[in-house]
Each structure stands twice: as structure tokens, then as C-alpha cells.
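Participant:
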Amino acid sequence: MPNEALVKVRGVTQRFHSGRKEFIAVRDVNLTVNEGEFVVLLGPSGCGKSTLLRIVTGLQKPSEGTVLYRGEPVVGVNPQATIVFQTFALFPWLTVQQNVEVALKARGIAPEDRGHRAIELIDRVGLDGFETAYPRELSGGMRQKVGFARAMAVEPELLCLDEPFSALDVLSAESLRSELLELWASGDIPTKAILMVTHNIEEAVFMSDRIVVMDKNPGRVVSDVVVDMLHPRRRKSAKFANIVDKVYATLAGQTQPEHVEIGSEPGGPGGARALPDIEIGDLTGVLERIHEMPGRNADIFRLAEELHADSDSLLRLTDAAELLGFATLAEGDIALTPLGETFAEARILARKEIFASRIRRLPLFQWLLRMLDAADNSLLERDVTLAALELDFPPEEAQRQLDLIIEWGRYAEILSYDDSSELLQPELATASPSSSDNE
Ligand code: ADP
Ligand code: MG
């Protein structure tokens, strides 16, 4: 069933009115979901992902444009589509099993078949033993699993998911992701396409065939990244990292050509670009502050006043934000990129992951990680590293750079440093694969 379009969104714009003001939630969106495809909508909060999902399923009529389903305009709610929300509403007076059976009944499944099919689905989502529990007795994560079981019971042709894993704990999220992928790959369900909203980049690359990247103000599609990897995907593989990087780059935008912006390795042709001398806590503080401002945009001079920072240290912070792709600078203003917004909104683990992925692309870190890789027992002495840095930096600056590398690398959990033995070492990968959930 290759490439037959199931959904076509054409020129969709959604306006909302509050009083006399008009607000454009999404503008001129074109999007196609083909049969057999698992497509993700990815972007910062407020870029119109949920709005678009509601429009696709016919829950909302767009101000302009059309949605075609199998070539026919969608009028009213599309019966072939089912949506799973971030938090799923269950009937409080029904048990877990009854909540799932409701969906089977709606599909016209005979009463004698409903019981065992509901139990099978409940088992699949990992709620074995909770068939007779009531929603109020379940945790939020467990309720979400019931929601999943119910959506699967509907066996929709188009399954729409709105941040379905973001309210779950890390382990439940990971097991549900796998369950969903397995069901999808098995062909046991009649679902022909999945359209999932997330703002978790790794989740998008882990699960989907194609990532539609959105930006906001106004909400719009900015690019499309194909994930041409077979399942099951390994998060540690080079290809996975490559695609994650590609998505980051799309979200980060670029003010200057990459090689100018990030410099080269110590001893290399263009020389290493020095890391700005900043504290990471100050950087996150500034990003959070800009995030609260209208338009995620601030005048640098006013920002300095407000934060009681001297302009030198603020400029170092904005420099770092730009180097990491979290912000762009123009005409005295600093504006967050979608990646910067994602970072500002994320929790600590997700932040560390984003930060790690960003610094891994800096030649200074790539160079150091390669040296560590080549070193005996992956250990490097401070003095050896320092001597290498002194090829590019005066001695005092080399010291400062090394301290910054250590601080950034520790925060990102890609480096560890023992202050007493003065040895550098790569941090062993311990971070959970799904720790980039946020909210
Ligand atoms: P996302 O899911 O990407 O976080 P949403 O689609 O929920 O974004 O919202 C996009 C923008 O539209 C937001 O600024 C939101 O406040 C606004 N919006 C969404 N629904 C409505 C509504 N019914 N009335 C007014 N504004 C809305
Ligand atoms: Mg949303």
C-alpha cells in the first residue's frame, strides 16, 4: 500500500478571536499523511500541534483551507480517526475493563467477544490484574494506559496521538512506546496511519517514519525530516544520533554557517572557538527569562538591566546561547529558537540531553572525546589536555577553557573529572533513553 494519501491538509489556517483581537494559531499548513506512515508533528508549545490534530480529525473546522480524507473533504468528526489525548478521560463509574469494552461495543463487537478482547488489550498495555479497578484507584499513568487500550479497541484507520507519553513515568512511557510500535508493525490492527504530536525529539526519531517540524508565531510547518531506519531502533547508533542532530539543527536555525559559528579543533585551520565563560545556571536563568517575555524576544540592553547583569557577562551568555543554537541575535535583540524554547520548557534530564547533543557537535568536545577514546583506559591527565589546548589558546585562557569544558561536560553528563587525581574520563552512559519527557 505504498504512498496512497490517507490525509491531505491543504492551506489550513486557524484563527482564534478574543474580544476584538485576532490570533493566528496555524497559518497555511500543508501536510500529507500516506497509508502505512507513522508521522510525527514536532515543535515547541503553542505552535499549533494540538489544533492541527483536532482539525485533521474533524473535531474542529479550520478558518480556511481543507482536509481531505481518502480524497473526500472531512465534514464533521471523521469516524475513521481516533484521538488519544495527553490525559485521557475515562468513565469514572466504569471499571477498567468496562471502559475498554465501551469502545468494542461502539464498534459492534458481539457481547460474548468483548470480554476476552478487552482483557487482551488491558494485558498489552501492562495493566494485567487491574481489570476490575475503577479510574479513581489508578495513577495518572495507569489511566493513560487504559486510554491507550480503549483507543486500540477502536481500531481506527487513522490513529492520532497528542503527546500520549508525556504524562507517564519514564518506564511506563518506554514500554507503551514499544507496545505501540509492535502493534503497528505486526499489522494485527487495521490502523493504516499514525499521526502523533510530541515535543520530545528522541521520541520522534525513535518511533516515526517522518517528522514534520513546526515553529510558532504563527504556527506553521518549517520542515520535514525523513527517518529512514528500520525498527527496532537503537538510540546509541550513529544513524540515530545523526537524525536527532538533523532535527536539532532544523529547530535551532543558524545565524552563521556552521563552521564559522562553532570553529574547528585545537590546532585546526580556523582555530578552536573559545567557549564563552559562563555558568550554566546563569544561562538557563536567562533562557527562562526570555521565554517568559512576549514573543520570546528581548532587548539585550534591557535584559541586562533587569537581571542586574553587567553587559559583558550578559553578552557572554547570549554568545553561549547562540553557539548552542538556543537563540539568535539581531539588532540588539535576542530571540529564542524553537530549540531554545524546548530547552527552557524542559525538565532537568531533558535539558541535559539537549545540552549534551548540542555540545557534542562542537569541535572542541569532539576533539576531546576522540582523545579520550584513544587514551589508555580512556583517562586523560589534565596537564596533557592543557598542553594540547595551548596550541590554540594562551596559557591562562587554556586553563579557563579546560575548566569550562569540564563544567559543561559534567552538566551534560558526557564527561567526568576527578579533582584529586586530575583525570578526565568519558561519563558512562547511564541516562535513561526516554528521559527527554518533559512537562
Ligand atoms: P500546541 O499543541 O502546539 O502546544 P495548541 O494547538 O494547543 O499548541 O495552541 C496553539 C495556539 O493557539 C496557542 O497559542 C493557544 O493558546 C491557541 N489556542 C488553541 N486553542 C484555542 C482556542 N480554542 N481559543 C483561543 N486560542 C486557542
Ligand atoms: Mg498541545
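Just so we're aligned, residue 299 is where the sequence shown starts under the numbering used here, counting upward by one.
Cβ coordinates follow ideal geometry from the N, Cα and C atoms, glycine included.
If we call anything under 7 Å between Cβ atoms a contact, is L459 one with Q378?
Facilitator: For this step, residue 459 is matched to residue 161 along the sequence shown. For this step, residue 378 is matched to residue 80 along the sequence shown. No, the pair does not count as a contact, with Cβ atoms beyond the cut-off.
Participant: Taking all protein chains shown into account, do 16 or more other C-beta atoms lie within 10 angstroms of the C-beta of G630, making it buried, or fewer, making it exposed?
Facilitator: Stepping through the sequence shown from its first residue, residue 630 is reached at position 332. Exposed.
Participant: Within the chosen definition, does the stretch 423-438 reach the stretch 470-478 through at least 3 CB pairs nearer than 8 Å?
Facilitator: Proximity of the stretch 423-438 to the stretch 470-478 meets the contact definition, three or more beta-carbon pairs being nearer than 8 Å.
Participant: Report all residues for which the CB-ligand distance to some heavy atom of the ligand ADP is below 5 Å; order them along the chain.
Facilitator: F314, A323, S343, G344, C345, G346, K347, S348, T349
Participant: Quick one: Cα of L666 to Cα of L479, how far?
Facilitator: Within the sequence shown, numbered from 1, the residue matching residue 666 stands at position 368. Within the sequence shown, numbered from 1, the residue matching residue 479 stands at position 181. For L666 and L479, the distance between alpha carbons rounds to 37 Å.
Participant: Would you list the residues sitting across from P724 in a DSSP beta bridge?
Facilitator: As a first step, residue 724 must be located in the sequence shown, where it is residue number 426. Its beta-bridge partners are L713.
Participant: Look up K537 in the DSSP assignment and say whether it is helix, strand or coil.
Facilitator: Working through the sequence shown from its first residue, we reach residue 537 at position 239. Assignment of K537 by DSSP, reduced to helix, strand and coil, places it in the helix class.
Participant: Hey, would you say L615 sits closer than 7 Å to I576, going by beta carbons?
Facilitator: Within the sequence shown, numbered from 1, the residue matching residue 615 stands at position 317. Within the sequence shown, numbered from 1, the residue matching residue 576 stands at position 278. Against a cut-off of 7 Å, the Cβ pair of I576 and L615 comes out as a contact.
Participant: Would you mind giving the Cβ-Cβ distance between D507 and V525, rounded to the nearest angstrom? I have them listed as a contact below 8 Å.
Facilitator: Here residue 507 refers to the residue found at position 209 when the sequence shown is read from its first residue. Here residue 525 refers to the residue found at position 227 when the sequence shown is read from its first residue. Yes, D507 and V525 are in contact; Cβ-Cβ is about 6 Å, under 8 Å.
Participant: Do A447 and V338 have their C-beta atoms closer together than 7 Å?
Facilitator: Position 149 of the sequence shown, counted from the start, is the residue given in the question as residue 447. Position 40 of the sequence shown, counted from the start, is the residue given in the question as residue 338. Against a cut-off of 7 Å, the Cβ pair of V338 and A447 comes out as no contact.
Participant: Just reading off the beta strand (DSSP E) that Q664 is part of, what are its end residues?
Facilitator: Counting from one through the sequence shown, the residue named residue 664 turns up at place 366. Where Q664 is concerned, there is no enclosing beta strand (DSSP E), although the alpha helix (DSSP H) it sits in stretches over 661-672.
Participant: Starting from the C-beta of R368, find all residues in its chain whose C-beta is less than 7 Å away, skip the five residues before and the five after it, and write them out in chain order.
Facilitator: The residue given as residue 368 occupies position 70 in the sequence shown. Cβ within range, chain order: L304.
Participant: At the level of alpha carbons, what is the spacing between F691 and F663?
Facilitator: For the purposes of this step, residue 691 is taken as the residue at position 393 of the sequence shown. For the purposes of this step, residue 663 is taken as the residue at position 365 of the sequence shown. Computed Cα separation, rounded: 15 Å.
Participant: State whether the stretch 406-423 contacts the stretch 355-375, with contact taken as three or more CB pairs (one from each stretch) at a distance under 8 Å.
Facilitator: no
Participant: Which whole-angstrom value describes the C-beta separation of F336 and M505, a residue pair presumed to lie in contact below a C-beta threshold of 8 Å?
Facilitator: Sequence index remark: in the sequence shown, residue 336 carries index 38 (1-based). Sequence index remark: in the sequence shown, residue 505 carries index 207 (1-based). So it is a contact: roughly 6 Å between Cβ atoms.
Participant: Is it buried or exposed, T393, if we count other Cβ atoms within 10 angstroms and call 16 or more buried?
Facilitator: Position 95 of the sequence shown holds residue 393. Answer is buried; the Cβ neighbour count reaches 16.
Participant: Could you tell me how far apart the beta carbons of A387 and T349 are, in whole angstroms, since I believe they sit closer than 8 Å?
Facilitator: For the purposes of this step, residue 387 is taken as residue 89 along the sequence shown, with counting starting at 1. For the purposes of this step, residue 349 is taken as residue 51 along the sequence shown, with counting starting at 1. Their Cβ separation, rounded to whole angstroms, is 19 Å, which puts A387 and T349 out of contact at 8 Å.
Participant: Would you check if the distance between the CB atom of K347 and the CB atom of G341 is smaller than 7 Å?
Facilitator: Taking the sequence shown and counting its residues from 1, one reaches residue 347 at position 49. Taking the sequence shown and counting its residues from 1, one reaches residue 341 at position 43. Judged by their CB atoms, K347 and G341 are nearer to each other than the 7 Å cut-off.
Participant: In chain order, which continuous runs of the alpha helix (DSSP H) of length 4 or greater are located wholly inside the stretch 353-426?
Facilitator: 394-404, 409-422
Participant: Can you confirm whether the stretch 639-658 touches the stretch 585-594 when touching is taken to mean that 3 or more C-beta pairs between the two stretches lie within less than 8 Å?
Facilitator: yes
Participant: Let me make sure I understand the geometry here. Which of E679, P530, G517, G623 has the alpha-carbon closest to that of D326?
Facilitator: One-based indexing of the sequence shown puts residue 326 at position 28. The candidate whose alpha carbon is nearest that of D326 is G517.
Participant: Just mark T635 as buried or exposed, buried being the case when its beta carbon has 16 or more other beta carbons within 10 Å.
Facilitator: The count along the sequence shown starts at 1 and reaches residue 635 at position 337. Buried, since its Cβ has 16 or more Cβ neighbours within 10 Å.
Participant: Look at the alpha carbon of E725 and the alpha carbon of N498, and state the distance between them as a whole number of angstroms.
Facilitator: Mapped onto the sequence shown, residue 725 falls at position 427. Mapped onto the sequence shown, residue 498 falls at position 200. If I take the Cα positions, the gap works out to 23 Å.
Participant: Let me make sure I understand the geometry here. Which of R531, M591, S484, V511 has the alpha-carbon closest to that of F496?
Facilitator: By one-based count along the sequence shown, residue 496 stands at place 198. Note on residue identity: the sequence assigns Thr, not Phe, to residue 496. Checked all of R531, M591, S484, V511; the closest Cα to T496 is V511.
Participant: From L637 to S611, what does the alpha carbon distance come to, in whole angstroms?
Facilitator: Translated into positions along the sequence shown, residue 637 becomes position 339. Translated into positions along the sequence shown, residue 611 becomes position 313. Taking the straight line joining both Cα atoms gives about 23 Å.
Participant: Measure from the alpha carbon of P564 to the alpha carbon of each residue in R668, T626, F383, A449, then state which is nearest.
Facilitator: Position 266 of the sequence shown, counted from the first residue, corresponds to residue 564. Looking at the Cα atoms, R668 is the closest of the given residues.
Participant: Go to L457, then tell me how far its alpha helix (DSSP H) extends in each direction, as first and last residue.
Facilitator: Here residue 457 refers to the residue found at position 159 when the sequence shown is read from its first residue. Note, L457: premise wrong, no alpha helix (DSSP H); beta strand (DSSP E) at 456-460.
Participant: Assuming G623 contacts Y709 under a Cβ cut-off of 8 Å, what Cβ separation, rounded to an integer in Å, is found between them?
Facilitator: Against the sequence shown, residue 623 aligns to sequence position 325. Against the sequence shown, residue 709 aligns to sequence position 411. With 8 Å as the limit, G623 and Y709 do not qualify as a contact, their Cβ atoms being about 16 Å apart.
Participant: On a CA-only basis, which of P592, D597, E688, L601 is nearest G583? Give me that one, please.
Facilitator: Looking up residue 583 in the sequence shown gives position 285. Ranking the options by Cα distance to G583, first place goes to L601.
Participant: Which residues mark the beginning and the end of the alpha helix (DSSP H) in which I657 is found?
Facilitator: By one-based count along the sequence shown, residue 657 stands at place 359. Start and end: 646-657.
Participant: Label K306 either buried or exposed according to how many other C-beta atoms from any shown protein chain fall within 10 Å of its C-beta, with 16 as the threshold for buried.
Facilitator: Here residue 306 is taken as the residue at index 8 of the sequence shown, counted from 1. It counts as buried.
Participant: From the DSSP output, in three-state form, read off T616 for me.
Facilitator: Locating residue 616 in the sequence shown gives position 318, counting from the first residue. Correct three-state label for T616: helix.
Participant: Roughly how many whole angstroms lie between the Cα atoms of T553 and R659?
Facilitator: Sequence index remark: in the sequence shown, residue 553 carries index 255 (1-based). Sequence index remark: in the sequence shown, residue 659 carries index 361 (1-based). Low per-residue confidence applies at T553: pLDDT is 45, beneath 50, and the placement is therefore not dependable enough to give any value.
Participant: Among residues of its own chain, excluding the 5 on either side of S718, which ones have a beta-carbon nearer than 7 Å to its beta-carbon?
Facilitator: Numbered from its first residue, the sequence shown carries residue 718 at position 420. Excluding residues within five positions, none has a Cβ falling inside 7 Å.
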